[in-house]
Amino acid sequence: MMMKPSCSWCKDYEQFEENKQLSILVNCYKKLCEYITQTTLARDIIEAVDCSSDILALLNDGSLFCEETEKPSDSSFTLCLTHSPLPSTSEPTTD
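In my numbering, each number is its position in the sequence shown, counted from 1, plus 25.
Okay, structure coming up:
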């Protein structure tokens with residue numbers, strides 16, 4: 026999963042490490058949105074909900090997520106997953 030644009034935490038995009046759990050979650054959300062919009066569920070939502078246009082807009086946006094994936098390796102199926110680096114502690118934070 027590539028971040029576009031890179032997150033504000035990553036001053037050096039070369040240090041970015043993919044969060045596999047987040048990537049899987051985004052892919053599942055995309056597939057769910059595609060399923061709902063391509064079946065009669067979308068019509069049922071339109072008929073049942075007053076704010077259906079907002080919901081359908083979210084579903085359409087979700088189904089457009091573009092995932093850049095590399096060829097899956099054996100390690101991509103493990104549950105020992107990496108994460109993005111933590112923000113720098115040298116930057117001041119406001120509480």
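Every residue, glycine too, gets a C-beta built ideally from N, C-alpha and C. If you're wondering where the values come from, they're calculated on a predicted model, not measured in any experiment.
| Asked | Found |
| --- | --- |
| Does the Cβ-Cβ distance between Leu84 and Ile61 come in under 7 Å? | yes |
| Pull up the CB-CB distance for Thr67 and Leu57, whole angstroms please, since I reckon it's below 8 Å. | For clarity, residue 67 is Ala in the given sequence; the question names Thr instead. That belief does not hold up - the Cβ atoms of Ala67 and Leu57 are roughly 12 Å apart, past 8 Å. |
| Is the Cβ-Cβ distance between Ser77 and Glu59 less than 7 Å? | no |
| Hey, quick one: how far does the alpha helix (DSSP H) through Thr62 stretch, first residue to last? | Lys45 to Thr62 |
| Identify whether Glu39 lies in helix, strand or coil by the three-state DSSP scheme. | helix |
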